[in-house]
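Visitor: In my numbering, the protein residues as written are 3 to 282.
Glycine residues also receive a C-beta, built at the ideal position from the N, C-alpha and C atoms.
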Amino acid sequence: MSGSDGFGASGGGGEPISEAEALRRLRLTDDPSAQYYAAWWLGRNRSRHPEAVPLLQEALRQRRPRDPGAGVEENAVARNAARALGKLGAPATAAIPDLLATLEDDDHGLREAAARALGELRAQAAVGPLCRRLASGPAVAGAMQPGTPRLQEPCEALLEALGEIGVAEADVLVVIRPFVEHERPLIRSAACRALLQLTAEPHWGQQLVALLQHQQLQVRRAALMDLGAAGWRPALEPIAATLAENSLKLIALRGLVENSGAPALTDATEAVLAAMDALL
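1) What's the call for residue 207, buried or exposed, on a 16-neighbour Cβ count within 10 Å?
2) Given residue 280, which residues of its chain have a CB within under 8 Å of its CB, disregarding the five upstream and five downstream residues?
3) Do you know offhand how far residue 79's Cα is from residue 120's?
4) What's the C-alpha gap between residue 199 and residue 32?
5) Taking the C-alpha atoms as reference points, what is the distance between residue 85 and residue 122?
6) Spell out the partners DSSP gives residue 153 in its beta bridges.
7) Do residue 231 and residue 283 come within 8 Å of each other at the CB atom, strictly closer than that value?
8) Tell me whether residue 146 is buried or exposed, calling it buried when 16 or more other Cβ atoms sit within 10 Å of its Cβ.
9) Where in the region 230-254 do unbroken runs of the alpha helix (DSSP H), each at least 4 residues long, occur, reported from the N-terminal end onward?
10) Could you pull out every residue in the same chain whose Cβ sits closer than 6 Å to the Cβ of residue 114, ignoring the five residues on either side in sequence?
11) One question on the structure: do residue 136 and residue 125 come within less than 8 Å of each other, judged by their Cβ atoms?
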């Protein structure tokens, strides 16, 4: 899942900003803190301004060393630009080549943000590059980096992107399946989610439901979101009964309605809506 940007609904000084102000701040290449918030704002508010995508593309191409005085992390502006592009939908398809290039960046966090954005944009051109990043399997791509809890690749984001893009070819499934056995439950959850989205085989949904009983809350939260993203309707009752925040269960249940591909008004949909009402 994408990380929090740390901002609320207003700019650094607490004042609400407009779309025009966000665009102005994104142009301030000497002020990464202003750009960081502006990129978040444009994505959060699903900007349709004709300058939004080109400016975010420019911000995505920015690479800068860590500057403690700037108040943001190394390449944080580029990461937020990638996240924003993923949220803008069809207008941002022009940025797919830039996101594909970013997927090859040395910065682990940038690769993660680019992968998530490519998944949100359903960029079929990304399937090959995503698979290549994962092809070495859990023992290499999924191995821990020395001295850090990070894996060699942002496997969770790469797997989720393949599921979102939806190309269910055999060579894609072969790349994903080994990660079902990864030592980290969050990676197993992401792999099962992708396989459920691509194959609709109940087995993968059942493995996600089993993770709803995991002793770690973080894992239960991830399984909730993954079941919702896959729209797997048989998970209705297990989701409602999960020991997790009602707000997250509501998001997961809403996903069952929005992502199942079923007609909007069916008995199953009414059951999901009733479960949502019971949590409110």
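Guide: For this structure:
1) buried
2) In its chain, beyond the 5 residues on either side, 242 have a beta carbon closer than 8 Å to the beta carbon of residue 280.
3) The alpha-carbon atoms of residue 79 and residue 120 are separated by roughly 17 Å.
4) 42 Å
5) 9 Å
6) 146
7) Residue 283 is absent from the model: the chain starts at 3 and stops at 282.
8) Answer is exposed; the Cβ neighbour count stays below 16.
9) 238-243
10) 156, 159
11) no
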